[in-house]
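Residue numbers (this note's numbering): 10 to 149.
Please read the structure below before turning to the comments.
Written as structure tokens, this is what we have:
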């Protein structure tokens with residue numbers, strides 16, 4: 010069976026943050042790629058590539074960043090069967106809306122996901138959100 014090739018585009022947000030043990034404040038992970046790549050169960054079903062294009066709090070996201078995400082998807086569109094964009098939940102609806110106009114008439118799925126709790130924290134919703142987003146991009 011040929012596994013669908015999915016590109017996970019990381020744009021920041023809680024899903025890629027870690028809690029500073031001294032202050033308790035969330036901060037961008039030193040290597041968000043390593044945190045997110047650690048999904049061995051997905052490798053049975055899909056080929057997962059990772060592109061980190063931003064690492065910011067989504068409350069700071071603006072049209073320039075939306076353009077960066079759309080441009081990256083256009084650049085790599087032919088190499089993948091689907092895309093997952095992981096970003097912060099504060100402005101995810103705005104990003105989805107902007108990209109729905111910037112990426113019209115595409116025939117491959119683009120799935121957005123994020124989390125309210127960092128991936129490395131107990132009770133994180135991020136792990137399942139990423140797994141299901143990748144499977145949705147691959148098979149629907």
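The beta carbon of each residue, even a glycine, is placed where N, CA and C say it ideally should be.
An exposed status is given to residue 109, since fewer than 16 other beta-carbon atoms sit within 10 Å of its beta-carbon. Residue 134 has its alpha-carbon roughly 28 Å from the corresponding atom of residue 80.
Residue burial annotation: residue 67 is buried, with at least 16 other C-beta atoms found within 10 angstroms of its C-beta. For residue 33, the three-state secondary structure derived from DSSP is coil.
The count of Cβ pairs closer than 8 Å, one atom from the region 20 to 35 and one from the region 112 to 124, reaches three, so the stretches are in contact. Contact annotation: the region 125 to 145 touches the region 92 to 103, with at least three C-beta pairs closer than 8 Å.
Assignment of residue 131 by DSSP, reduced to helix, strand and coil, places it in the coil class. Cβ contact annotation for residue 62 (same chain, cutoff 8 Å, sequence separation greater than five): 18, 19, 20, 77, 78, 81, in chain order.
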